[in-house]
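Numbering (my numbering), first residue to last: 41 to 234.
The C-beta atom is built at its ideal place from N, Cα and C for all residues, glycine as well.
Predicted, not measured: the structure shown is a model, and the values here were computed from it.
Right, one structure below, let's go through it.
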């Protein structure tokens with residue numbers, strides 16, 4: 041019984057630190073010296089390493105009298121800001137890439153298409169120059185999500201927002217989902233009245 045309680049506390053602590061709970065299971069496989077060597081890719085998957093990427097934060101904000109969920113993640117070279125709004129029992133997702141006003145304007149003017157990515161796969165592609173909007177220092181990609189597409193977003197490990205332009209060049213940012221997916225799901229439940 042004590043072992044289960046202590047194990048539960050350790051897993052909860054790892055979760056608070058943003059480390060995948062699988063790390064606890066792996067730690068039980070240590071050799072007699074108590075050492076487990078992880079490959080760099082495994083350290084990233086378990087969230088022991090971050091390569092200059094902070095854990096995302098999620099908080100409810102108000103615009104006028106309407107609540108929305110703001111999820112933000114800082115990377116070394118860009119900040120990802122994703123807003124979830126409830127509009128008539130529909131979720132409107134606005135994916136933002138915070139940069140500087142000049143870069144933002146250049147991306148907006150030269151776009152050929154914009155899209156989201158779920159775990160590296162293109163999602164909700166919009167062709168032409170209207171799929172993304174530059175506003176001051178942020179490039180925004182806005183999409184309405186059906187209940188089905190929202191579930192796909194919530195279940196993904198990584199969501200990206202991208203704008204293609206200049207031929208083979210694209211600009212975008214990503215959001216790591218594991219530590220914020222429950223907050224997005226809870227916001228969606230409130231929106232749908234469940």
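Quick check on residue 216: buried or exposed, where buried means 16 or more other Cβ atoms within 10 Å of its Cβ? Start at 1 with the first residue of the chain shown, and residue 216 comes out as number 176. Buried, by the Cβ-count rule.
Is it true that the CB of residue 205 sits closer than 8 Å to the CB of residue 157? In the chain shown, the residue the question calls residue 157 occupies position 117. In the chain shown, the residue the question calls residue 205 occupies position 165. Not a contact, by the Cβ cut-off of 8 Å.
I think residue 154 touches residue 166, with their Cβ atoms under 8 Å apart; what is that distance to the nearest whole Å? The sequence position of residue 154 within the chain shown is 114, counting from 1. The sequence position of residue 166 within the chain shown is 126, counting from 1. Confirmed, Cβ separation roughly 5 Å.
Could you tell me the boundaries of the alpha helix (DSSP H) in which residue 193 lies? By one-based count along the chain shown, residue 193 stands at place 153. Unbroken alpha helix (DSSP H) run through residue 193: 187-195.
By the 10 Å Cβ neighbour count, where 16 or more other Cβ atoms means buried, how is residue 135 classified, buried or exposed? As a working note, residue 135 is residue 95 in the chain shown. Residue 135 comes out buried.
Drop a sphere of 10 angstroms on the beta-carbon of residue 211, count the other beta-carbons inside from all chains shown, and report buried for 16 or more, exposed for fewer. Position 171 of the chain shown, counted from the start, is the residue given in the question as residue 211. Per the 10 Å Cβ criterion, buried.
Proximity below 8 Å, CB of residue 213 to CB of residue 111: Taking the first residue of the chain shown as 1, we reach residue 213 at position 173. Taking the first residue of the chain shown as 1, we reach residue 111 at position 71. No, the Cβ-Cβ distance between residue 213 and residue 111 is not below 8 Å.
Quick one: measure Cβ to Cβ for residue 231 and residue 129, integer angstroms, because I've assumed they're closer than 8 Å. What you label residue 231 is simply residue 191 of the chain shown in a count that begins at 1. What you label residue 129 is simply residue 89 of the chain shown in a count that begins at 1. Going by Cβ atoms, the distance from residue 231 to residue 129 rounds to 6 Å, so yes, they are a contact pair.
Closer than 7 Å to a non-hydrogen atom of the ligand FMN - does that hold for the CB of residue 142? With respect to small molecules bound, the structure shown includes none, and the ligand FMN cannot be examined in it.
At which residue ranges does the region 95-146 contain complete beta strand (DSSP E) runs of 3 or more residues, listed in the order of the chain? 97-103, 106-114, 119-126, 131-138
Just confirm the distance between the C-beta atoms of residue 181 and residue 171, as a whole number of angstroms; I'd bet it's less than 8 Å. By 1-based counting over the chain shown, the position of residue 181 is 141. By 1-based counting over the chain shown, the position of residue 171 is 131. Correct: roughly 6 Å between the Cβ atoms.
I need the boundaries of the alpha helix (DSSP H) containing residue 230, first residue and last residue. As a first step, residue 230 is located in the chain shown; it is residue number 190 there, counting from the start. Looking at the DSSP string, the run of the alpha helix (DSSP H) that includes residue 230 is 221-232.
Is the CB-CB distance between residue 185 and residue 131 below 8 Å? Indexing the chain shown from 1 puts residue 185 at position 145. Indexing the chain shown from 1 puts residue 131 at position 91. Yes, Cβ-Cβ distance for residue 185 and residue 131 is below 8 Å.
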